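Asker:
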Amino acid sequence: MSTLLNPSTRPRDAELETSVSAPAPLPWMQALRHRRVLHVGKFYPPHMGGMETHLQALCEELQDKITVEVLVAGDERRTREDIIGVVKVTRVGTALNLSAAPVCPAMTRKIREAGADLVHMHLPNPTAILAYLASKQSGRLIFTYHSDIIRQKMLSRAFRPFLRRALTRADAIIVGSPNYLESSSVLQEFKEKCRVIPFGIPFEDFQRADAAEVSEIRRRYGSRIVLGVGRLVYYKGFEYLIRAMREVRGHLLIIGGGPLLGALEREAEACGLAERVTFLTDVKDVRPYYHAADVFALSSIARSEAFGLVQLEAMACGVPVVNTKLDSGVPFVSQDGVTGLTVPPADAQALAQAINGLLDDAPQRAKFGEAGRRRVEQEFSLETMTRRTLELYAEVLAMKH
735 MSTLLNPSTR PRDAELETSV SAPAPLPWMQ ALRHRRVLHV GKFYPPHMGG
785 METHLQALCE ELQDKITVEV LVAGDERRTR EDIIGVVKVT RVGTALNLSA
835 APVCPAMTRK IREAGADLVH MHLPNPTAIL AYLASKQSGR LIFTYHSDII
885 RQKMLSRAFR PFLRRALTRA DAIIVGSPNY LESSSVLQEF KEKCRVIPFG
935 IPFEDFQRAD AAEVSEIRRR YGSRIVLGVG RLVYYKGFEY LIRAMREVRG
985 HLLIIGGGPL LGALEREAEA CGLAERVTFL TDVKDVRPYY HAADVFALSS
1035 IARSEAFGLV QLEAMACGVP VVNTKLDSGV PFVSQDGVTG LTVPPADAQA
1085 LAQAINGLLD DAPQRAKFGE AGRRRVEQEF SLETMTRRTL ELYAEVLAMK
1135 H
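Each residue of the sequence shown is one higher than the one before, counting from 735 in the working numbering.
And the structure:
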């Protein structure tokens, strides 16, 4: 593997090779080694999604500092235990799904049997909340509040009393951005418990890409590549990005799968863009595509996009971002006029104008790209997120009941 930035927009420099120094050992680290944390999520990779990516990255980074186990819903009726990387993952059998929420009858027992010193639960996750409340677990409790329940209005109303009860019980609530903390009506009652810990990625991993793969991508798709990455679901707004391409001279690559694949392919066909919009549903390593791209676009249209972790991946590779002005953490991650451009959501014309402006201005792309790379390294590295999380663990475990 060789380190490569897009040669047309981002110069190589010695700073790229500089490793992020590991934080110095902290006084409470040794005490945490004897503690056990149970992370409870909705799913775990290979399921694709921002919450799943975050959960895996955090747990793998925590594993050599504190004992970590993961409990999530499985795809099968039977419960299965796996070792994924270095982390023990229990996928609890799913009996059925209600409003996209897996129902896992054995989860209550699994939470109780884990005997963890601290349960760290990732929301939204109605199944896990109900299972936790039923388990009568008495240890410390932290939530990472990734997002409100946005689309399933009936589920949200029915679930609200249980969520409120769980948040009342929590010792601390992690939120990924100050924007989301301010905009979530659910969190206003619990602001004194909230701690903003921005989500992070393994910065150094995104500094490297195979030079031959990058060159091949640019040979195949041209010198004006627009990249979108994410599940093909309603809130990603990919239809607006496709429509924007009617006015953009370039090639759009969309990496990801999901239920809207067929509809989006038909949208591209209807726009006369079948030759300039390519769907890539089975990409194992996205890094060469980031390094080959000229512009990254996050066209999300709803607060379900609470953070937009893929923005960090693009920024770490030195790619300028076009994102949308959502009432969430999205514009907090990539900042308008600093690391890219921010446009109104559900506005194909505005997307096209921003993308064209960047494609036609290589110096501006390079400026935004370098600013984005620095921002990720300084504020959104996996090491920084993990250190802040461990500090919170120590604080919570030291609390008196």
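Even for Gly, the Cβ is constructed at its ideal location relative to N, Cα and C.
Computed from a predicted structure; not experimentally measured.
(1) Rounded to whole angstroms, what's the CA-CA distance from N1057 to E794? Just pull it up for me.
(2) For my contact list, V917 and S1062 are in at a C-beta cut-off of 8 angstroms; report their separation, rounded to the angstrom.
(3) Does the count of Cβ pairs from the segment 1019–1026 and the segment 992–1000 closer than 8 angstroms reach three?
(4) Tell me the rounded alpha-carbon separation between I845 and M782.
(5) What number of angstroms, rounded off, separates the C-alpha of G984 from the C-alpha of I1089?
(6) Hey, how far is the Cα of L792 from the Cα of H773?
(7) For V1009, name the three-state secondary structure that DSSP assigns.
(8) When you compare the segment 1067–1076 with the segment 1007–1018, are there three or more beta-carbon pairs, one atom per stretch, that lie closer than 8 angstroms?
(9) Between the segment 1044–1054 and the segment 1098–1106, are three or more C-beta pairs nearer than 8 angstroms?
(10) Could you check what DSSP says for D798 in three-state terms: helix, strand or coil?
(11) How many angstroms separate the CA atom of F877 from the CA atom of I988?
(12) For the beta strand (DSSP E) that L857 lies in, which residues bound it at each end?
(13) Is the Cβ-Cβ distance between A1040 and G962 less than 8 angstroms?
(14) In the DSSP assignment, the beta strand (DSSP E) including V826 goes from what residue to what residue?
(15) Take every Cβ of the segment 826–845, pair it with every Cβ of the segment 860–870, and state whether three or more of those distances are shorter than 8 angstroms.
(16) Using only the alpha-carbon positions, how far apart do G910 and P779 sit?
(17) Going by DSSP in three states, C928 sits in which element: helix, strand or coil?
(18) Rounded to the nearest angstrom, what separates A900 and R891 at their Cα positions?
(19) So is A946 buried or exposed if we call it buried at 16+ other beta carbons inside 10 Å?
(20) Can you name the start and end residues of the beta strand (DSSP E) that A1031 belongs to?
(21) Under 8 angstroms between the Cβ atoms of M841 and V820?
(22) If you measure from the beta carbon of L830 to each beta carbon in chain D, is any gap under 8 angstroms?
(23) What does DSSP give as the partner residues of E815 in its beta bridges?
(24) Mind checking G1071: buried by the 16 CB within 10 Å criterion, or exposed?
(25) When you compare the CB positions of A1086 and E981, do they come within less than 8 angstroms of one another, or not?
(26) Report the residue from R1121, E973, E1117 and M1133 whose alpha carbon sits nearest the alpha carbon of A1080.
Answerer: Put simply:
(1) 29 angstroms
(2) The sequence shown places Ser at residue 917, rather than the Val named in the question. Rounded, the Cβ-Cβ distance is 6 angstroms, consistent with contact.
(3) no
(4) 24 angstroms
(5) 10 angstroms
(6) 10 angstroms
(7) One point to set straight first is that residue 1009 is Glu, not Val, in the sequence displayed. Residue state, collapsed to three classes: coil.
(8) no
(9) yes
(10) coil
(11) 32 angstroms
(12) L852 to L857
(13) no
(14) V821 to V826
(15) yes
(16) 20 angstroms
(17) strand
(18) 15 angstroms
(19) exposed
(20) V1029 to A1031
(21) no
(22) Absent here is chain D; the protein component of the structure consists of one chain.
(23) T824
(24) exposed
(25) yes
(26) E973
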